[in-house]
Amino acid sequence: MSQETSQQTWTRVDDYLAARLLPDDPVLAHVLAESDRAGLPAIAVSPLQGQLLHLMAKMMGAGRILEIGTLGGFSTICMARALPADGRLVTLEVEPRHAEVAQANFRHAGLADRIELRLGRGIDTLAALEKEGQGPFDLVFIDADKPSNTDYLLASLRLTRPGSVIICDNVVRSGAVADADSTDASVLGVRRFLDAVAAEPRLAATALQTVGVKGYDGFAVLRVEAA
Ligand code: DHB
Ligand code: MG
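Residue numbers for the sequence shown follow this note's numbering, beginning at -4 and rising by one.
Structure, rendered in structure tokens:
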């Protein structure tokens, strides 16, 4: 074990924890297999992270969930399973190929009636949701193109209510988030997002660093405190 790299340790422990704590889940296994078969990037949340999203949605009693960035629908299904029978999840995706794979996965999961996938640029779809008077959403999961994180945050604030929770994936990026000299577009996007959170008096916020099968990254968790 002394030769083991950090990543090997994180993967071994994630595998151990998932084997102990997560039930066998043929539906989620199917989602990953289909996503892989379709050539989607292997960047879905990990099974343990998906279960955290599921539990957070359930702990909040979320009835309306908004997801920005569907990919193959792994996190979508984790969260949608926490909804009550009359609950609804709206998920936004810009890539038609991802959307197609995700829709098939929602049908396979028996959740197609509870999940509405909207195809298009996130920022345009968010504006459309606002115009339609959709929301307020109880829980928002931001997990799309990182340069747009701040736009997604500001739209999320208009689509939520005091007490709503906003979770944002990938806010650590192997530690690069703390590099003030970074020129990486995603890192800059995350740093601008965190600046916007810090400047927003309506939000209470934290961020947690995570390690696991997906490497070293983290989540921001925000609570809308006031309208
Ligand atoms: C990337 C995006 C993600 O949402 C993620 O969880 C991991 C990686 C990426 O674009 O590299
Ligand atoms: Mg992500």
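Glycine is no exception: its CB is placed at the ideal position from the N, C-alpha and C atoms.
| task | Counting only the same chain and skipping the five closest in sequence on each side, list residues whose C-beta sits under 6 Å from that of Pro42. | result | Your numbering for residue 42 matches position 47 in the sequence shown. Excluding positions up to five away in sequence, the list reads Ala13, Leu17.
| Whole runs of the alpha helix (DSSP H) within the segment 118 to 202, excluding any shorter than 4 residues | Complete alpha helix (DSSP H) runs here, min 4: 144 to 153, 180 to 193.
| task | List the endpoints of the continuous beta strand (DSSP E) containing Ala215. | result | Against the sequence shown, residue 215 aligns to sequence position 220. Element bounds for Ala215: 210 to 219.
| task | Could you tell me whether any non-hydrogen atom of ligand 1 is closer than 7 Å to the CB of Ile38? | result | On the sequence shown, residue 38 is found 43 positions in, with the first residue counted as 1. Within the cutoff, so yes.
| field | Arg113 - containing beta strand (DSSP E), residue span | value | For the purposes of this step, residue 113 is taken as the residue at position 118 of the sequence shown. Note, Arg113: beta strand (DSSP E), 110 to 114.
| message | Count Cβ pairs between the segment 116 to 125 and the segment 82 to 91 that sit closer than 8 Å; are there 3 or more? | response | Three or more beta-carbon pairs separated by less than 8 Å link the segment 116 to 125 to the segment 82 to 91, which places the two stretches in contact.
| query | Exposed or buried, which one is Thr65 when buried takes at least 16 other CB atoms within 10 Å? | reply | Within the sequence shown, numbered from 1, the residue matching residue 65 stands at position 70. The residue in question, Thr65, is buried, as its Cβ has 16 or more Cβ neighbours within 10 Å.
| request: Report yes if the CB atom of Met55 is closer than 8 Å to the CB atom of Asp133, and no otherwise. | output: Along the sequence shown, read from residue 1 onward, the residue named residue 55 stands at position 60. Along the sequence shown, read from residue 1 onward, the residue named residue 133 stands at position 138. With contacts defined by Cβ atoms closer than 8 Å, Met55 and Asp133 form a contacting pair.
| field | Given Ala28 as reference, the closest of Gly58, Leu217, Asn100, Ala191 once Cα atoms are compared | value | If you number the sequence shown from 1, residue 28 lands on position 33. Of the candidates Gly58, Leu217, Asn100, Ala191, Asn100 places its Cα closest to the Cα of Ala28.
| Identify the residues that DSSP records as bridge partners of Gln2: which are they? | On the sequence shown, position 7 is the one that residue 2 refers to. Paired residues: none, contrary to the question.
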